[in-house]
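Undergrad: Residue numbers (this note's numbering): 2 to 293.
Can you read through this structure? Questions will come right after.
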Ligand code: NAD
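Below, the structure written as structure tokens:
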């Protein structure tokens, strides 16, 4: 068997087209573009490439996006004060903070300082709690992309055994909660899981978000499994995921490539979250107004 490729690019293009229409209609009614600010504390080359790509994507659909750059030695109070000023700025609808933060700055303090209504990457505890309870808040874009690529590719999720590998608050855990919401039976594996292979062997859907190239190989997969590879690793100058693609593609029924799978969808979904944040703030809707 050679697996079907679940490519993120065409789905991302569809989402961006819809976002561009929503941006145009927002500008007509509000007489301003939706605004995104990315707070950067010190310049870090790999994530700058990613963030610059997001900004270019924003410009293409008419979103007013820009960096707020703080020096690497900025204090926690400066960072949280900058975020609060963006919370109070009516021309800014969404705020993202570059991760990782310098070790002197507490992640929790920064996360707490973001207005949940502008938290378009779903890192604030209110948005995490809304997801946990099954209400609509802002989802972490990568976790959203990992599940959205399945939904939009017509992969059946309901009733299937899904194994999520990785339990981070921004990828693994929200992906697991989203799969539960889609009626999968979900197992979360992590660095202390004793027999990862046994869990993977039983999985109809495997979502891998670890950051270890080659962690999952074809021989570990149940024949016909669907594989979503969230990992991004640089190996000998090449981007690879956490799944050994060459062996997995022979056993899986569908698999996301790296690059070109979850990544493009993540960026497009982030823009759609921003437009939703802008519309909701313009309509004065609280972040949790609609249940799912
Ligand atoms: P993280 O380091 O916060 O979490 C890694 C998780 O993997 C942890 O929960 C840990 O318990 C688990 N883990 C570590 N070793 C393991 C092992 N041997 N077996 C099973 N589980 C193990 O990382 P993260 O922020 O969740 O990101 C995970 C990966 O996703 C990284 O490669 C990152 O670059 C990538 N990522 C991709 C996108 C995208 O858009 N595609 C976005 C964000 C992150």
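Note that CB positions come from ideal geometry on N, CA and C, so glycine has one too.
1. Going straight from the alpha carbon of residue 85 to that of residue 132, what length do you get?
2. Would you mind giving the Cβ-Cβ distance between residue 95 and residue 235, rounded to the nearest angstrom? I have them listed as a contact below 8 Å.
3. In this structure, how does DSSP classify residue 70 when only helix, strand and coil are distinguished?
4. Is residue 222 near the ligand NAD, with its Cβ less than 8 Å from a heavy atom?
5. Contact check, residue 207 vs residue 188 under 8 Å by CB: the rounded distance?
6. With C-beta atoms as the reference, is residue 252 less than 9 Å away from residue 219?
7. Residue range of the alpha helix (DSSP H) that residue 146 falls in?
8. Counting Cβ pairs, one atom from each stretch, are 3 or more of them under 8 Å apart for the region 49 to 66 and the region 110 to 123?
9. Locate the alpha helix (DSSP H) running through residue 18, then write down its first and last residues.
10. Taking Cβ positions, are residue 259 and residue 232 nearer each other than 9 Å?
11. For the region 59 to 118, list the alpha helix (DSSP H) runs that are entirely contained and at least 4 residues long, ordered along the chain.
12. To the nearest angstrom, how far is it from the Cα of residue 242 to the Cα of residue 140?
13. Tell me, please, which residues DSSP counts as bridged to residue 222.
14. Who are the near neighbours of residue 7 in its chain, counting only those whose CB is closer than 7 Å to its CB and skipping five residues on each side?
15. Looking at C-alpha atoms only, which residue of 287, 199, 202 and 119 is the closest neighbour of residue 273?
16. I'd like to check one pair, residue 38 with residue 69: are the Cβ atoms closer than 9 Å?
17. Can you give me the start and stop residues for the beta strand (DSSP E) that residue 187 sits inside?
18. Beta-carbon within less than 7 Å of residue 265's beta-carbon, same chain only, minus the 5 sequence neighbours each way: which residues are those?
19. Is any non-hydrogen atom of the ligand NAD found closer than 8 Å to the C-beta of residue 85, if you look at the structure I gave you?
TA: The short version:
1. Counting from one through the chain shown, the residue named residue 85 turns up at place 84. Counting from one through the chain shown, the residue named residue 132 turns up at place 131. Approximately 24 Å, taken between the alpha carbons.
2. The residue you call residue 95 lines up with position 94 of the chain shown. The residue you call residue 235 lines up with position 234 of the chain shown. Contact flag wrong, Cβ pair sits at about 28 Å.
3. Translated into positions along the chain shown, residue 70 becomes position 69. DSSP places residue 70 in strand when its eight states are reduced to three.
4. As a position in the chain shown, residue 222 is number 221, starting the count at 1. No - the ligand NAD has no heavy atom lying nearer than 8 Å to the Cβ of residue 222.
5. Numbered from its first residue, the chain shown carries residue 207 at position 206. Numbered from its first residue, the chain shown carries residue 188 at position 187. About 10 Å; that fails the 8 Å criterion.
6. Position 251 of the chain shown holds residue 252. Position 218 of the chain shown holds residue 219. It is a contact, given that the beta carbons lie within the stated cut-off.
7. To locate residue 146, count along the chain shown from 1; it is residue 145. Here the alpha helix (DSSP H) through residue 146 covers 142 to 153.
8. no
9. Locating residue 18 in the chain shown gives position 17, where the first residue counts as 1. Its alpha helix (DSSP H) spans residues 9 to 31.
10. In the chain shown, the residue the question calls residue 259 occupies position 258. In the chain shown, the residue the question calls residue 232 occupies position 231. Yes. Within cutoff.
11. 77 to 89 and 108 to 114
12. Taking the chain shown and counting its residues from 1, the one referred to as residue 242 is at position 241. Taking the chain shown and counting its residues from 1, the one referred to as residue 140 is at position 139. Approximately 22 Å between the Cα atoms of the pair.
13. As a first step, residue 222 is located in the chain shown; it is residue number 221 there, counting from the start. DSSP lists no partner for residue 222.
14. Locating residue 7 in the chain shown gives position 6, counting from the first residue. So the list reads 150, 154, 255, 256, 257 and 262, once near-sequence residues are dropped.
15. Taking the first residue of the chain shown as 1, we reach residue 273 at position 272. Nearest C-alpha to residue 273: 119.
16. By 1-based counting over the chain shown, the position of residue 69 is 68. By 1-based counting over the chain shown, the position of residue 38 is 37. In contact: residue 69 and residue 38 (Cβ atoms closer than 9 Å).
17. As a first step, residue 187 must be located in the chain shown, where it is residue number 186. Start and end: 186 to 190.
18. The residue labelled residue 265 in the question sits at position 264 within the chain shown. Counting only Cβ-Cβ distances below 7 Å, and skipping sequence neighbours, we find 9, 10 and 13.
19. Taking the chain shown and counting its residues from 1, one reaches residue 85 at position 84. No, since every heavy atom of the ligand NAD falls outside the 8 Å radius drawn around the Cβ of residue 85.
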